[in-house]
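Numbering (this note's numbering), first residue to last: 4 to 509.
See below for the structure under consideration.
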């Protein structure tokens, strides 16, 4: 049989002649109109099917691939993988979960590349990219070839699918010994990483109690290889419950509670920190360019995984020390000004609260926070953004994630619902104007946090050839204005700035 998910697009990645037996890959499956199916290619979309393909009928909340079976057969599909028996004469393979089965088939067609790699999955609500970035730096310090497949950047939706992950791991196996995979909650819940095996799963922070049957981390932990282990934050409020339930070897990390790998922050400033990492009888001093306890947790979990995988503590310290700041994560903007300016992605209430709390520990003046809630976040999350910013910030400025002339106030209203004193907030829809207003108001000893976008572009200029980020706007304003700030304070005029009274009036 042939297939349509293009696993063989690159001859270096997949053997085009590879044929896999579904009876061997899926021993619990039931077969109808055939004793076995020999598969070369498969497709999950009916319009991608070619002659003799295996069509995989996937079930999603808003669609059911079983409804597309006849169209797939009309395009030449030779057999069907489904979750229920269908009234067709073609061969069928019936499984409990077609997406999980699809994952095992995709990875088998790619030669099961995770079997030839040291693979680490990073999951959890926050800090996945930072932890993966740190672990990659540690591997490189140990001279271990590594590929950080943080996200399927080439895809349209930025999500994993089994063929995308299989292809990424197959490419990693060509010249590397290790691969790091960032797993979002959605990818784990939908079994998009099925078929891959992991030597370690790092759980950065749990967003919900373990009693939730759909806990994403639990699903991913079921894919651990024999001898695999989990890294869990002992300071997480759900850690003890998870450890009791998962039934796999666990290594814990912590700052406040007892753990296998611990850290004590020795010195901290607005743009770097030093901490003592202790694992058993061994200790090492480590320095990072990114401040905050949240980042220390990321360092601890990356270090713990590396220790179990056989990397010594001195090499781990070197990897963390030499790891550059992750773009868009608590990046300090220095242009000679006498107040702190930081840019952070902070796209959850917890992350923006942690960032503001860290800043509070290092500044004596006011804290300005230019922020927005994600466009697709729930009303509850938007309200929590308002609560968190009001609690930790002196001058909140609500804006948008991009520079846009459109003025839809619904999301702003939801954020303001989280404020006890909404008059404290200032609404400036245009993001560049919001950033410039906060910088113009800041004085020596203050701090300005620009949150919500990180390194993502907020607008494009010159026919989309020049993409501006928050940091670009900060640097442009600071270089143009800071040199005269000590003698001249320019008034802010002709800017679309709203306070709560204007908002209510509209």
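Here a beta-carbon is modelled for each residue, glycine too, at the ideal position from N, C-alpha and C.
Computed from a predicted model, the values in this text were never measured in an experiment.
Item                                                                                                               : Value
Helix, strand or coil at residue 2 according to DSSP, with G and I counted as helix                                : Residue 2 is absent from the model: the chain starts at 4 and stops at 509.
Bridge partners - residue 45, DSSP secondary structure assignment                                                  : 57
Per-residue DSSP class, three states only, for residue 304                                                         : helix
For residue 462, three-class secondary structure by DSSP                                                           : strand
Touch test, the segment 138-147 against the segment 61-69, Cβ-Cβ under 8 Å, three pairs minimum                    : no
DSSP-derived helix/strand/coil call for residue 168                                                                : helix
Contact the segment 106-123 vs the segment 163-182: 3+ CB pairs below 8 Å                                          : yes
Unbroken beta strand (DSSP E) run spanning residue 231, endpoints                                                  : 227-236
7 Å Cβ shell around residue 135 - same chain, five flanking residues per side excluded                             : 125, 151, 153, 183 and 185
DSSP beta-bridge partners of residue 200                                                                           : Answer by DSSP bridge pairing: none, since residue 200 is not bridged.
Stretch-stretch touch, CB-based, cutoff 8 Å, three pairs: the segment 46-54 with the segment 19-35                 : no
Under 9 Å between C-beta atoms of residue 129 and residue 37                                                       : no
Straight-line gap, residue 31 to residue 225 (C-alpha atoms, nearest Å)                                            : 17 Å
Three-state class that DSSP yields for residue 100 in the structure shown                                          : coil
Same chain, Cβ closer than 7 Å to residue 257, neighbours up to 5 away in sequence not counted                     : 236, 237, 238 and 265
Exposure label - residue 511; buried when at least 16 CB within 10 Å                                               : Residue 511 falls outside the range modelled here, since the chain spans only 4 to 509, and no answer is possible.
Start-to-end residues for the alpha helix (DSSP H) that takes in residue 134                                       : 131-144
Cutoff 6 Å; reference residue 314; Cβ partners in own chain excluding five residues on either side                 : 145
Where residue 271 sits in the DSSP three-state scheme                                                              : strand
DSSP-derived helix/strand/coil call for residue 163                                                                : coil
Residue 253 versus 456, 462, 174 and 221, residue with shortest Cα-Cα distance                                     : 221
Inter-stretch contact (C-beta, 8 Å, three-pair minimum) for the segment 477-486 and the segment 331-351            : yes
Any chain D beta carbon closer than 9 Å to residue 304                                                             : Among the chains of the structure shown, chain D does not appear; only one protein chain is present.
Buried/exposed call for residue 469, threshold 16 Cβ in 10 Å                                                       : exposed
Whole-angstrom distance between residue 25 and residue 198, CA atom to CA atom                                     : 13 Å
Residue 381, DSSP secondary structure in three states                                                              : coil
Residue range of the alpha helix (DSSP H) that includes residue 327                                                : From DSSP, residue 327 is part of no alpha helix (DSSP H); its letter is neither H nor E.
Residue 95 classed as buried or exposed, judged by whether at least 16 other C-beta atoms fall within 10 angstroms : buried
Exposed unless 16 or more other CB atoms sit within 10 angstroms - verdict on residue 447                          : exposed
Among 57, 90 and 77, nearest to residue 104 - alpha-carbon criterion                                               : 57
Integer Cβ distance of residue 234 from residue 320, believed to fall under 8 Å                                    : That pair is no contact at about 18 Å.
Close beta carbons around residue 385, own chain, < 8 Å, minus the five adjacent residues each side                : 376, 414, 417, 418, 420 and 421
Closest by C-alpha distance to residue 242, when choosing among 27, 98 and 262                                     : 262
Cβ neighbour criterion (16 or more within 10 Å) applied to residue 327                                             : exposed
Residue 499 in three-state terms, based on DSSP                                                                    : For residue 499, the pLDDT reaches just 45, beneath the cut-off of 50, and the residue's location in the model is therefore unreliable, although a value from the coordinates is still provided. In this structure, residue 499 counts as coil in the three-state DSSP scheme.
Where residue 404 falls: helix, strand or coil (DSSP)                                                              : coil
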